[in-house]
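> In the working numbering, each residue carries its 1-based index in the sequence shown increased by 8. Positions of the beta carbon are idealized from the N, C-alpha and C atoms, including for glycine. Have a look at this one.
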Amino acid sequence: MKFIRSITRMLLLVLLSAAAVSCNTGEGTGGTGAIEGTVYKVLHPDDNYNLEADTIIAAKEDVFLVYGTQGFYGDDAETDHTGLYRFDYLRPGTYTVYAYTELASGERVAVPQTVEVKNGKTTTVPDIYIHDGKAYGTSIVKGHVWATYIDKEGNILYQGWAYGQRMYIQRQGEDFPFDDVRAGIDGVFAFQKLTPGTYTVFTFNEDGDEIPSVVAKTIAVPEPDHIYAFPDTFRINIKP
Numbered sequence: 009m010k011f012i013r014s015i016t017r018m019l020l021l022v023l024l025s026a027a028a029v030s031c032n033t034g035e036g037t038g039g040t041g042a043i044e045g046t047v048y049k050v051l052h053p054d055d056n057y058n059l060e061a062d063t064i065i066a067a068k069e070d071v072f073l074v075y076g077t078q079g080f081y082g083d084d085a086e087t088d089h090t091g092l093y094r095f096d097y098l099r100p101g102t103y104t105v106y107a108y109t110e111l112a113s114g115e116r117v118a119v120p121q122t123v124e125v126k127n128g129k130t131t132t133v134p135d136i137y138i139h140d141g142k143a144y145g146t147s148i149v150k151g152h153v154w155a156t157y158i159d160k161e162g163n164i165l166y167q168g169w170a171y172g173q174r175m176y177i178q179r180q181g182e183d184f185p186f187d188d189v190r191a192g193i194d195g196v197f198a199f200q201k202l203t204p205g206t207y208t209v210f211t212f213n214e215d216g217d218e219i220p221s222v223v224a225k226t227i228a229v230p231e232p233d234h235i236y237a238f239p240d241t242f243r244i245n246i247k248p
């Protein structure tokens, strides 16, 4: 009887194990497949008036793995010094891998890649490019300002680029400027980190009245990551 009971218990254990394996057929761990890939980071630094970006290996970056259509990641890994990550022991199915881009506001946006995994094979995920830096997702507005320097009687002393002239910018619909810069030696001025919208840039003209008049121009910034330039030069009078 004891022998029969032992055999019966063994058969039940085998049947239960087989049932568990047969039910465990969705995406997740417990298989022989694997995925691996590389993450790169694109840097967008401040004070780069050409919007040039530098791409580097994303070392020690968190990478997240989603099983199938689940709404939350099921595993995570960290890239090594070469930007490489790997997930092992995966069952066949669809998997999504993602890492985060960080916006200038501090908000993080997922950058995903989706692949199919098969048993016994390593699937290479397309490279993931994430972005970082305060200039990412913003644009630049540039322009020139030219000055005619006059004396108290209104006589022209000389003309040239308005080095040091203060320029102001405000978003259309707002009452006050949110930033100001000074023109360079060549009369060039630039406003950085502008999000899409319409802006007014202005400066002051000393035209003989006690209160200087305003010289203003409006420009549209429809897309991020572009440089927008005023087609016309700002022209003002200055009394030294």
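#1: What is the DSSP secondary structure of S147, counted as helix, strand or coil?
#2: What whole-angstrom Cβ distance do V223 and I244 have, given they're in contact under 8 Å?
#3: I believe T46 touches G91 by the beta-carbon criterion, under 8 Å. Please report the beta-carbon distance rounded to the nearest angstrom.
#4: Excluding five sequence neighbours on each side, which residues of the same chain lie with their C-beta closer than 7 Å to the C-beta of C31?
#5: Going straight from the alpha carbon of A191 to that of K150, what length do you get?
#6: Ends of the beta strand (DSSP E) at Q121?
#7: Taking R179 as the reference, which of V123, A228, E161 and Y57 has the closest Cα?
#8: Determine the burial state of V29: buried for a count of at least 16 other Cβ atoms within 10 Å of its Cβ, exposed for fewer.
#9: Check whether the region 114 to 132 touches the region 57 to 67, counting contact only when three or more Cβ pairs, one atom from each stretch, lie closer than 8 Å.
#10: Just mark G41 as buried or exposed, buried being the case when its beta carbon has 16 or more other beta carbons within 10 Å.
#11: Find out if the Cβ-Cβ distance for the pair V196, I136 is shorter than 9 Å.
#12: Are the beta-carbon atoms of G38 and G101 separated by less than 9 Å?
#13: Taking only three categories from DSSP, how would you classify E60?
#14: I believe I246 touches A112 by the beta-carbon criterion, under 8 Å. Please report the beta-carbon distance rounded to the nearest angstrom.
#15: Can you tell me whether DSSP reads S221 as helix, strand or coil?
#16: Measure the C-alpha to C-alpha separation of L51 and D233 and round it to an integer number of angstroms.
#17: Count the C-beta pairs between the region 169 to 179 and the region 79 to 98 that are closer than 8 Å, then say yes if the count reaches three, no if not.
#18: Between the C-alpha atoms of I65 and D88, what's the straight-line distance to the nearest angstrom?
#19: Measuring straight from C-alpha to C-alpha, what distance separates D183 and N163?
Considering the structure as presented:
#1: As a working mapping, residue 147 is identified with position 139 in the sequence shown. Three-state result, S147: strand.
#2: The sequence position of residue 223 within the sequence shown is 215, counting from 1. The sequence position of residue 244 within the sequence shown is 236, counting from 1. With a Cβ gap of about 6 Å, V223 and I244 count as contacting.
#3: In the sequence shown, counting from the first residue as 1, residue 46 sits at position 38. In the sequence shown, counting from the first residue as 1, residue 91 sits at position 83. Right, their Cβ atoms sit about 5 Å apart.
#4: Along the sequence shown, read from residue 1 onward, the residue named residue 31 stands at position 23. At C31 the pLDDT is 47, less than 50, meaning the model places this residue with poor confidence; the figure from the coordinates comes in the next sentence. Taken in chain order, the list of residues that qualify is empty.
#5: Walking along the sequence shown from the start, residue 191 turns up at place 183. Walking along the sequence shown from the start, residue 150 turns up at place 142. Rounded to whole angstroms, A191 to K150 spans 10 Å at the Cα level.
#6: The count along the sequence shown starts at 1 and reaches residue 121 at position 113. Counting along the chain, the beta strand (DSSP E) containing Q121 begins and ends at R116 to V125.
#7: Translated into the one-based positions of the sequence shown, residue 179 becomes position 171. Here the closest residue by C-alpha is A228.
#8: Walking along the sequence shown from the start, residue 29 turns up at place 21. Confidence is the limiting factor: at V29 the pLDDT is only 40, short of 50, which leaves the residue's position unreliable and the question unanswerable from this model.
#9: no
#10: Position 33 of the sequence shown, counting from 1, holds the residue named residue 41. When all chains shown are included, G41 counts as buried.
#11: Working through the sequence shown from its first residue, we reach residue 196 at position 188. Working through the sequence shown from its first residue, we reach residue 136 at position 128. Their beta carbons are not under 9 Å apart, which means V196 does not touch I136 by this criterion.
#12: Within the sequence shown, residue 38 is the residue found at index 30, counting from 1. Within the sequence shown, residue 101 is the residue found at index 93, counting from 1. Cβ distance not < 9 Å, so G38 and G101 don't count as in contact.
#13: As a working mapping, residue 60 is identified with position 52 in the sequence shown. Looking at E60 - three-state DSSP - the assignment turns out to be coil, as it is neither helix nor strand.
#14: Reading the sequence shown from its first residue, position 238 is the one you call residue 246. Reading the sequence shown from its first residue, position 104 is the one you call residue 112. I246 to A112, Cβ: 35 Å. No contact.
#15: Sequence index remark: in the sequence shown, residue 221 carries index 213 (1-based). Three-state DSSP puts S221 in a strand.
#16: Here residue 51 refers to the residue found at position 43 of the sequence shown. Here residue 233 refers to the residue found at position 225 of the sequence shown. One C-alpha to the other measures close to 13 Å.
#17: no
#18: By one-based count along the sequence shown, residue 65 stands at place 57. By one-based count along the sequence shown, residue 88 stands at place 80. Near 9 Å, if we compare the C-alpha coordinates of D88 and I65.
#19: Taking the sequence shown and counting its residues from 1, the one referred to as residue 183 is at position 175. Taking the sequence shown and counting its residues from 1, the one referred to as residue 163 is at position 155. Distance between the alpha carbons of D183 and N163 is about 35 Å.
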